[in-house]
Every structure is written in C-alpha cells, then in structure tokens.
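Heads up: the structure comes next, in structure tokens.
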Amino acid sequence: MRPHGAALRLTVLVGETDLWHHRPLYHEIVHRAHAAGLAGASVFRGVEGYGASSLIHTTRILSLSQDLPVAIVIVDEPEPIRAFLPQLDELIGEGLVILDEVEVIRYAGRSPGGPR
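Just so we're aligned, residue 10 is where the sequence shown starts under our numbering, counting upward by one.
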C-alpha cells in the first residue's frame, strides 16, 4: 500500500455471533484479508445497534447483550480491495459491506516525540 494518497476503505458490518465453520465470522474475514496480502484490518465491537431485523442489540445492564454489531475495517489500494470482494460473497449470509474512497496519511517508523 502507498504511504499516502487515495485508497479504498472496506467496512463489513455483521453480528458478533455470526459464524463461519464454528468460528466467529469476523475472525475468518480478518484471516482471509491477511492471507490476501491486504494492508491491514481492524475489528470494532459496537455497544448498540440494529440491522435488518430491526431488533436493537445493546450492552446495557438491563438488556441482553446478544449479537452486538461488529465492524471489520480494511484499507488498501482499490485493486486489492475489489479483488477481495468475492471472498466476502462466499462468507456473508447477512450483513452489510460498504466501500468508501478515502485519503490515507500513514505514520510509520517514527519514534514518538522525534523530528517531524
């Protein structure tokens, strides 16, 4: 991936209880992204949300914290991201995939407080 410039952000929204062969779906997506050589992936667990079912899922004490939303975010150049999309077709039964054009500013190899 280029250190700076235009890129594509792939965001996959699924439920945390979604499985692929008895393993969390988000885990499988991250491992496939890594195997595909994508620049990086992060998983974010939501504290509240709803989707196609219109049921609100939340972490609040008085509510059941079942099937919270999970976002898998992957940023790379457009070509590798688009090449990865067929794998998501295979994995995702219910969820949402979002593609956004983004600008990347990457900080790497600097010590904190060092010269800019």
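Ideal Cβ placement from N, Cα and C applies to all residues, glycine included.
Here the alpha carbons of residue 57 and residue 117 stand approximately 33 Å from one another. Distance from the Cα of residue 52 is smallest, within the candidate group 17, 84, 99, 80, for 80. Here residue 83 is not near residue 108, since their CB atoms are 8 Å or more apart. Judged by their CB atoms, residue 114 and residue 23 are not nearer to each other than the 8 Å cut-off. DSSP, read as helix, strand or coil, puts residue 114 in strand. For residue 33, the closest C-alpha among the options 20, 78, 18, 60 is that of 78. The alpha-carbon of residue 27 is positioned some 20 Å away from that of residue 93.
Comparing C-alpha distances from residue 99 to each of 85, 30, 17 shows the shortest one belongs to 30.
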